[in-house]
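What follows is a single structure, written as structure tokens, with notes after it.
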Amino acid sequence: MSSSVAANAANSEEPVQSIEKKERPELSLKELTREWSDVNAGHRLNLAPGLRVAAAGIVGGTAGLAGGLYRGWARASLRYLAENAHRMPTTKGGWYFYHKRKNYVVLQGGLATGLVRGAKYGAVSAGFFALEAYIDQVRGTIDFLSTMASAGTVGVAYGLMSGLMFKQALRSSKQFLAFGTVAGMMEDFIRYKRGYEVWYLGRGRTVAA
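Mapped onto the working numbering, the consecutive letters of the sequence shown carry residue numbers 885 to 1093.
This is the structure:
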């Protein structure tokens, strides 16, 4: 009886199979570069639309933050000096607290202006490239006309959001439009040099990698 029970128990035991994790093979730097190139091939600036919009937002936001920080710092410093011109300190301790308070005020003013300007510049830059990519997709082609349309639209929107009068907003739109024309033609020329077809230039010679 005991031997049959032991035999059944032995038969019921199943061998435990070790599960090995299938690790993804590591890609070399050359393979990663080739994969990156394949993903972004054929796009403006050799970047896919999503990456292009993100990069534009980061660059524009950083530039706006730096410029706004400097401008806000300078304006807050002048304002603090004007507000306290009639009550300048006369003691060493007074000068210490005067400069300590000034550093706090100008830093606060610089950060406030920098964050606002950084958000505005980042939104404008990302919006410009996002609208450009959308117009490219709708038209089914990539050329400077999409860049012009995107720049003109963003210029009008930026002027109205900034509280400019109609004539000033129109002037802002013309400046954006001129920028879009130059930038779009530069992008077309780069694509042409990389061997892609541009309708008013033809197909460029493919550059060997």
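In this text, a Cβ means the ideal position worked out from N, Cα and C, and glycines have one as well.
query, result
"Counting pairs of beta carbons, one from the segment 983-997 and one from the segment 1035-1042, are three or more of them closer than 8 angstroms?", "no"
"Which class does Arg1078 belong to by DSSP, given the choice of helix, strand or coil?", "coil"
"If you count every other CB in all the chains shown that lies within 10 Å of the CB of Leu913, and 16 or more means buried, which is it?", "exposed"
"Take the Cβ of Val1008 as the centre, count every other Cβ of all protein chains shown within 10 Å, and call the residue buried at 16 or more, exposed below.", "buried"
"Beta-carbon within less than 6 angstroms of Arg928's beta-carbon, same chain only, minus the 5 sequence neighbours each way: which residues are those?", "Glu1071"
"Do Phe1060 and Ala1033 have their C-beta atoms within less than 8 angstroms of each other?", "no"
"With three or more beta-carbon pairs closer than 8 angstroms as the criterion, would you say the segment 1015-1024 touches the segment 926-942?", "yes"
"Identify which residue in Gly977, Ser1030, Leu949 has its Cα closest to the Cα of Gly993.", "Leu949"
"So if DSSP puts Gly918 in a beta bridge, which residue, or which two residues, is it bridged to?", "A quick correction: the sequence has Arg, not Gly, at residue 918. Answer is none; Arg918 lacks a bridge partner."
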